[in-house]
Every structure is written in structure tokens, then in C-alpha cells.
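Colleague:
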Amino acid sequence: MNESVEKRAVMLAEYIIETNATVRTAAKRFDVSKSTVHTDVSKRLFRINPALAAKVRLVLDENKAQRHIRGGKATKEKYARLSQKG
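The following block contains the structure:
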């Protein structure tokens, strides 16, 4: 595996753990696709550093459990902005 890919996987994992970031947020921050982030932190990282992979998995699982709340909140805010304009 390419050394830069391994470094990116570790950097992504550390960022996600430190900031409790979502895959989408990490993808934007590192200018890569969501698929790349997911592959790096779930598959590649497991081969590189299983302990770090387990830590990032906990954060991603928590984010996944909360995504319906974030989605509902975003929808509520969207319609609040639309009603203020019209």
C-alpha cells in the first residue's frame, strides 16, 4: 500500500476521533470523497492500526445513530428560512 495513503488513513482517523467529525465533514476537510474516507478508516486503517480503527469505529457508529436527528434538524431549519423569505 502506498505510504501516503496510509498516512491519510491515520490522519483521517485522528481527525474524526479528535473532532467527533462525520465522514462527510472529514471528506470536505481533507478534500477527498466520502467513499475514500470510509474505505480509509474502515478497511485500510484496520490493516495499518487495528486499535485506532476500533476507536474511529466507535465515533462513526455514534454519528450514524444520530444522523436522523441531524437530518431532521436541518430540514426544520431549511423550512424556517423559507418561511421567513416568503
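First residue of the sequence shown? That's 103 in the numbering used here, and the numbers climb one at a time after it.
Think of the CB as a built atom: it goes at the ideal place given N, C-alpha and C, for glycine as much as any other residue.
Values in this document were obtained by computation on a predicted structure and should not be read as measured data.
1. Quick one, are the C-beta atoms of residue 124 and residue 165 less than 8 Å apart?
2. Cα-Cα, which of 107, 186, 156 and 182 is closest to residue 138?
3. According to DSSP, is residue 135 helix, strand or coil?
4. Kindly list the residues whose CB is nearer than 6 Å to the CB of residue 162, restricted to its own chain and excluding five residues on each side of it in sequence; keep chain order.
5. For a quick check, are the C-beta atoms of residue 128 and residue 135 less than 8 Å apart?
6. DSSP state of residue 177, grouped into three classes?
Modeller: Looking at the coordinates:
1. yes
2. 107
3. coil
4. none
5. no
6. helix
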